[in-house]
Ligand SMILES: [Zn+2]
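Residue numbers (my numbering): 4 to 309.
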C-alpha cells in the first residue's frame, strides 16, 4: 500500500494563476478508489519546523503579509489563505517523508518547494518542504543523511542554496531549464550556478529525449550514493519536463516520464533506500496531461513496489 498525502487545503485560492493549484485535487480524484493507494490527509506543519530552515522574518512575512514584497517573493499574490495552505503542503511533505521511513515509499500530492531559499521564496515555492522535512526528521533522530533527487524541469536553486550549510544533505538536480534569481532560462549551455560536493547538477540539452535523461539519471544516482549513503531519498517528480509543457525544451512524452519514474523507484528499492516523492511543477495548459504525468508516477511506483 502506498500512502499519498493530500488535503483539500493544499490549494490556496489564488484565482487564475499559471501554477494550476487545482491539479492537486485532480490527482487525488484520479487516485480515488485505486487499489494499492491510500489517500490520507496530513496535519499542518508546526511553524517551529519551518524555523529550522527559514528566517523568522520571512516566516512572519508569509504569515502576516507584511512586508508585502517579501510575502510575495515566491510570485503568488498574498492573501490570508496562503499561510494555512503552505502549512498543509509542507505538512504533507513531512508526513510522506516520515511514512517512507516505515513503508519504504510514500507520496505527497503537493508541489512548490525547490526554489525556496532560507530568507525568501522564488518560483511558486514559499517554504522548502524538502529541507523542512529532512530537518524535522533529523531533529527527531530518525535520519542522519538525506538526499534530494530533483527531476523537475527547473534547476533546484533553493535546495542547492540550503545545502551549502548542511553537509548531511545532498541535492542532485537534473534539469532542462536553469533557474536563477527568480527567472527561468531555456538556455542550459550557460552555467548560472556553481556545483559543490553536496549539490550537483546535470543539464539536459534542448531536445533531449529519454536516452539522455536516463544516462543523466545513471550518473546522478551514482553521485548521490558516492556522496554518502542517505537514510532517506526525497524525489521531486516534476511534470514540467513533459514535451507539451510551455517551459519545456525537452522531448519527453508520458511513456518516457513513466520510464524515468520506474528508474528512480527501481534504484531506490534495489539500494534499500526509503523514498518519498512530491509532484513538483507542471504547466501544460491541458491540465489533464499534467495529471496524467503525476498518475504515471503512481503506475511506476506500483510496478516496482507491487
Ligand atoms: Zn519546474
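Yeah, the Cβ is synthetic: ideal placement off N, Cα and C, and Gly gets one too.
None of these values were measured; they are calculated from a predicted model.
Alpha carbon of residue i to alpha carbon of residue j, nearest angstrom
| i | j | result |
| --- | --- | --- |
| residue 283 | residue 95 | 13 Å |
| residue 280 | residue 271 | 12 Å |
| residue 212 | residue 51 | 42 Å |
| residue 127 | residue 79 | 6 Å |
| residue 119 | residue 58 | 12 Å |
| residue 266 | residue 82 | 40 Å |
| residue 274 | residue 220 | 15 Å |
| residue 241 | residue 69 | 31 Å |
| residue 53 | residue 62 | 8 Å |
| residue 44 | residue 89 | 14 Å |
| residue 24 | residue 307 | 29 Å |
| residue 230 | residue 224 | 10 Å |
| residue 135 | residue 97 | 7 Å |
| residue 188 | residue 155 | 14 Å |
| residue 217 | residue 263 | 7 Å |
| residue 261 | residue 227 | 21 Å |
| residue 26 | residue 239 | 16 Å |
| residue 290 | residue 296 | 10 Å |
| residue 46 | residue 305 | 25 Å |
| residue 294 | residue 143 | 34 Å |
| residue 184 | residue 269 | 35 Å |
| residue 4 | residue 309 | 8 Å |
| residue 11 | residue 299 | 21 Å |
| residue 166 | residue 186 | 20 Å |
CB contact flag (residue i, residue j, <9 Å)
| i | j | result |
| --- | --- | --- |
| residue 178 | residue 161 | no |
| residue 112 | residue 215 | no |
| residue 101 | residue 115 | no |
| residue 181 | residue 202 | no |
| residue 77 | residue 123 | yes |
| residue 222 | residue 276 | no |
| residue 332 | residue 205 | Residue 332 is absent from the structure shown; the chain starts at 4 and stops at 309. |
| residue 30 | residue 129 | no |
| residue 301 | residue 99 | no |
| residue 74 | residue 16 | no |
| residue 38 | residue 28 | no |
| residue 139 | residue 278 | no |
| residue 131 | residue 56 | yes |
Residue i Cβ short of 8 Å to ligand 3 heavy atom set
| i | result |
| --- | --- |
| residue 250 | This structure lacks ligand 3; the ligands present are ligand 1. |
Query raised in the report: Does the stretch 238–257 come close enough to the stretch 279–293 that 3 or more CB-CB pairs lie under 8 Å?
Result: Yes: the two stretches touch, three or more of their Cβ pairs being nearer than 8 Å.
Query - Every unbroken beta strand (DSSP E) inside the stretch 32–90 [3 residues or more] - result: 40–43
Requested in this report: Output the residues surrounding ligand 1, defined as those with a CB atom closer than 5 Å to any ligand heavy atom, in chain order.
Outcome: Having a Cβ closer than 5 Å to some heavy atom of ligand 1 are 155, 156, 157, 243, 284.
Report task. Mind the definition here: the stretch 170–177 touches the stretch 138–155 only if three or more C-beta pairs lie below 8 Å; say whether that holds. Result -> yes
Query raised in the report: Using 8 Å as the threshold, is the stretch 184–200 in touch with the stretch 237–248, meaning 3 or more CB pairs across them?
Result: no
Query raised in the report: Is the stretch 29–38 touching the stretch 102–109 in the sense that three or more CB pairs, one from each, lie closer than 8 Å?
Result: no
Query - Inside the stretch 153–194 only - beta strand (DSSP E) runs reaching at least 3 residues - result: 172–178, 181–183, 186–188
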